[in-house]
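**Student:**
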Amino acid sequence: MTKLEYIIWIFTASCNLNCLHCYTYRFRELRELSLQEKLQLARDIGEAGVEYVNLTGGEPLIHPHFPQVLSLLSEYSVEKSVVTNATALCESTADLLYRTETYVFVTIEGPREVHDEIRGRGSYDLATRGVEVLRKRLSGLAIVSTVNKLNYKRVHEVVDYVASIDADGLALLPVMPSGKALKTRIYVSAEEYLEALENTWRRAREYGIKLSAWCTPWAPLLKRDIGFWFCREMSGMDIDPEGNVLLCDILDFRITSIRNKSVVEAFSEFKKHPLVRSVKSPPSLPESCLKCPILVGCGGGCYARAYVLRKDLNAGDPLCPRVCGLESSKRRAL
611 MTKLEYIIWI
621 FTASCNLNCL
631 HCYTYRFREL
641 RELSLQEKLQ
651 LARDIGEAGV
661 EYVNLTGGEP
671 LIHPHFPQVL
681 SLLSEYSVEK
691 SVVTNATALC
701 ESTADLLYRT
711 ETYVFVTIEG
721 PREVHDEIRG
731 RGSYDLATRG
741 VEVLRKRLSG
751 LAIVSTVNKL
761 NYKRVHEVVD
771 YVASIDADGL
781 ALLPVMPSGK
791 ALKTRIYVSA
801 EEYLEALENT
811 WRRAREYGIK
821 LSAWCTPWAP
831 LLKRDIGFWF
841 CREMSGMDID
851 PEGNVLLCDI
861 LDFRITSIRN
871 KSVVEAFSEF
881 KKHPLVRSVK
891 SPPSLPESCL
901 KCPILVGCGG
911 GCYARAYVLR
921 KDLNAGDPLC
931 PRVCGLESSK
941 RRAL
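Read left to right, the sequence shown gives residues 611 to 944 (our numbering).
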């Protein structure tokens, strides 16, 4: 029986920025969980023995409920991380993150002019100022860059910043075709993402910096030392601000809800759902996947991206070089 290992909790859709690629923009009209409901969810998570919770948004750090929920999760010794734009980060919040031993991912999209084009004028200076506040207190800090059409040629420059602040590493995340990105259409093609990966990997190697590629389970096709996450095991749940359990946080398939049941009960329902079963054990995959040497560790790539762009959860990842039919010379570029 699969254990509930992790939860991705979209804590809020509220944010102090208006980024061009925001996928949680679509959650703004949801009836967000009340403080008591959030605290009950945190208790359930702790009592269920969930190992890891990632709190994201929106911008979790500006939400008035965040300190209480984070503190409660800490009482249960749950491993925690938060994704933040860091623009509103102050010393008291940094102290909270330090006391609760919360790992922090800060989003930086490129050099100042690139970052500000994506996230708003002045946001780069505010974010880097927030990082300096964090560095005085935290040892667990990494940078995340969302790869899109506005930054894919320069995102490798973020490596220089990562080195300058002695962060733990850099994670690249291809902008998902969801939320505002569907309107702005700044999500990348396979060729663009591969170019960004290649350039960033080369720069990271020069510094000896660890590079990860989120939502890129086929990354080992390019280079074995690029970190990645395999989500098709379905050993965790994505929970939106209203308490709905989603098939993936960029898709609007609501599998169940934690509003009227415990996380253990919700996870039991989640595992039995036909869509979840289809993702975990695909009834069919393209030949390029079936003959792939990393099929076991990839499972067909990002099913959410496949559904949005190809209307089939198991059509193969639209960014994967094998699925896209890019010539082998490009696949071996790294």
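Note that the Cβ used here is the ideal one computed from N, Cα and C, for glycine as well.
1. Buried or exposed: where does L680 fall if 16 or more other Cβ atoms within 10 Å of its Cβ makes it buried?
2. Please identify the residue among V757, L699, R636 whose C-alpha is closest to the C-alpha of R747.
3. Leaving out five residues before and five after Y917 in sequence, what residues of the same chain have Cβ atoms less than 7 Å from its Cβ?
4. Decide if R813 is buried, meaning its Cβ has at least 16 other Cβ atoms within 10 Å, or exposed.
5. What separation, rounded to the nearest whole angstrom, lies between the Cα atoms of L744 and T717?
6. Could you name the residues that DSSP lists as bridge partners for T666?
7. Looking at A800 and L929, is the spacing between their C-beta atoms short of 7 Å?
8. Measuring straight from C-alpha to C-alpha, what distance separates V714 and V692?
9. Can you round the beta-carbon distance between T826 and P893 to whole angstroms, since I take them to be within the 8 Å contact cut?
10. Can you find the residues in the same chain that come closer than 6 Å, C-beta to C-beta, to Y734, ignoring five residues on each side of it along the sequence?
11. So G846 is in the alpha helix (DSSP H); what residue range does that whole segment cover?
12. Counting C-beta neighbours from all protein chains within 10 Å, is the total for R795 16 or more, i.e. buried, or is it exposed?
13. Hey, could you find the ends of the beta strand (DSSP E) N854 is sitting in?
14. L751 lies in the beta strand (DSSP E); which residues open and close that run?
15. To which residues of the same chain is K690 closer than 6 Å at the C-beta, ignoring the five residues directly before and after it?
16. What first and last residue would you give for the beta strand (DSSP E) that runs through L822?
17. Considering only the alpha carbon of each residue, which of K921, A829, V874 lies closest to A806?
18. Expressed to the nearest angstrom, what Euclidean distance is found between the alpha-carbon atoms of E937 and L900?
19. So, under 8 Å CB-CB, A601 and L780 are touching, yes? Tell me the CB distance rounded to an integer number of Å.
20. Among residues of its own chain, excluding the 5 on either side of G963, which ones have a beta-carbon nearer than 8 Å to its beta-carbon?
21. Find the nearest neighbour of A623 within the set N761, T694, N758, judged by alpha-carbon distance.
22. Give the DSSP-derived three-state secondary structure of T826 in the structure shown.
**Tutor:** Here's the rundown:
1. buried
2. Nearest C-alpha to R747 among V757, L699, R636: L699.
3. L861, L923
4. buried
5. So the two alpha carbons sit approximately 13 Å from each other.
6. T666 pairs with I620.
7. yes
8. 5 Å
9. The Cβ separation is near 24 Å, so there is no contact.
10. R722, H725, D726
11. Run containing G846: none in the alpha helix (DSSP H); it sits in the beta strand (DSSP E), 846-849.
12. exposed
13. 854-856
14. 751-757
15. V663, L683, T712
16. Reading off the sequence shown, one finds Ser at residue 822, where the question assumed Leu. Where S822 is concerned, the enclosing beta strand (DSSP E) stretches over 820-823.
17. A829
18. Legend: pLDDT at E937 = 45, less than 50; position of this residue unreliable, value from coordinates given subsequently. When rounded, the distance between both Cα atoms is 18 Å.
19. The requested residue 601 does not occur in the structure, where the chain is confined to residues 611 to 944.
20. The structure shown has nothing for residue 963, since the chain only spans 611 to 944.
21. T694
22. coil
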